[in-house]
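> Okay, handing you the structure first.
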Amino acid sequence: MHLTKDEVLKELERLQHDFEEKKVEVKCLESREEFDIGGKKIKLQKGSILQIPFWIAYILHKESLVEYDFLKKFNLSSVHFLTEKEKAKKALQPIDPFFYIIAKKTIEEFKEQKTISFRELEILEIELRELMTLRLNKVINMSTKSKNITSTIRNLTVEEKWLYDIVADAVEKWKIMVG
């Protein structure tokens, strides 16, 4: 299967969209009568906890109407911990299925809100690239082996699973073709 650059980008955008629709828990910081946002009715009551799609939470968070914690779990020490764990084990380690999207969103927020120093952000990005490289090497290695490694496949992020499927299919076709 040959994918064009546009097809690859479209598929990665689809994965991003899946995350945007993922329900996240938010705490309401203000009370507001029911209002419409993107065709969805929302009512906020200060102090209450809601489960809403991330894209709505993101808009409400920008307006300081809600807060969410899941992005706060992404920081230099958590990424360093994951990197060290990944280095120490041969098998792919469990990670949030939307880890890379969360990482991207969090780094965007850090840059926009300047909540961490430039140096800390730089170190975080270096650590993240190291983690991505470690995991990418393991995914590629897995892709060259048997396609049914269900226990390890559970540890893939959505992007890694997509990449694994493409590479594993190509490897299987190559094996048939050469011999």
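Number 179 marks the last residue of the sequence shown (the UniProt record's numbering); no jumps. Glycine residues also receive a C-beta, built at the ideal position from the N, C-alpha and C atoms.
#1: Cβ atoms of residue 66 and residue 28: under 7 Å apart, would you say?
#2: Among 97, 126 and 58, whose alpha-carbon lies nearest the alpha-carbon of residue 105?
#3: Give, in chain order, every unbroken run of the alpha helix (DSSP H) that is at least 4 residues long and sits entirely within the stretch 89-153.
#4: For residue 88, is the classification buried or exposed, using 16 other Cβ atoms within 10 angstroms of its Cβ as the cut-off for buried?
#5: Under 6 Å Cβ to Cβ from residue 188, same chain only, skipping five residues before and after it: list those, please.
#6: Does residue 144 pass the burial test, meaning 16 or more other C-beta atoms within 10 Å, or should it be called exposed?
#7: Looking only at DSSP bridge pairs, what is residue 50 linked to?
#8: Where does residue 63 sit, in a helix, a strand or coil, going by DSSP?
#9: What are the boundary residues of the alpha helix (DSSP H) that includes residue 9?
#10: When DSSP labels each residue in this structure, what does residue 36 get in the three-state scheme?
#11: What distance in whole Å lies between the Cβ atoms of residue 22 and residue 98, which are believed to be in contact at a cut-off of 8 Å?
#12: By DSSP's criteria, residue 44 is part of a beta bridge. Which residues make up the other side?
#13: Mark residue 91 as exposed unless 16 or more other C-beta atoms lie within 10 angstroms of its C-beta, in which case mark it buried.
#14: If you count every other CB in all the chains shown that lies within 10 Å of the CB of residue 142, and 16 or more means buried, which is it?
In this structure, then:
#1: In the sequence shown, residue 28 corresponds to position 28, counting from 1. In the sequence shown, residue 66 corresponds to position 66, counting from 1. Contact flag set, yes.
#2: Residue numbering aside, residue 105 sits at position 105 when the sequence shown is read from its first letter. Comparing Cα-Cα distances from residue 105 to each of 97, 126 and 58, the minimum goes to 58.
#3: 99-113, 118-143 and 150-153
#4: Working through the sequence shown from its first residue, we reach residue 88 at position 88. Burial check for residue 88: the Cβ neighbour count within 10 Å stays below 16, so the residue is exposed.
#5: The first residue shown for the chain is 1 and the last is 179, placing residue 188 beyond what the model contains.
#6: If you number the sequence shown from 1, residue 144 lands on position 144. By the Cβ-count criterion, residue 144 is exposed, with fewer than 16 other Cβ atoms from all chains shown falling within 10 Å of its own Cβ.
#7: Locating residue 50 in the sequence shown gives position 50, where the first residue counts as 1. DSSP, once it has assigned bridges, lists 26 as partnering residue 50.
#8: Taking the sequence shown and counting its residues from 1, the one referred to as residue 63 is at position 63. Here residue 63 sits in coil by DSSP.
#9: As a working mapping, residue 9 is identified with position 9 in the sequence shown. Residues 5-21.
#10: Taking the first residue of the sequence shown as position 1, residue 36 is located at position 36. Strand at residue 36.
#11: As a first step, residue 98 must be located in the sequence shown, where it is residue number 98. As a first step, residue 22 must be located in the sequence shown, where it is residue number 22. Indeed they touch by this definition, with Cβ atoms about 7 Å apart.
#12: Locating residue 44 in the sequence shown gives position 44, counting from the first residue. Looking at the DSSP assignment, residue 44 forms a beta bridge with 32.
#13: Translated into positions along the sequence shown, residue 91 becomes position 91. So residue 91 ends up on the exposed side.
#14: Walking along the sequence shown from the start, residue 142 turns up at place 142. By the neighbour-count rule (16 or more Cβ atoms within 10 Å), residue 142 is buried.
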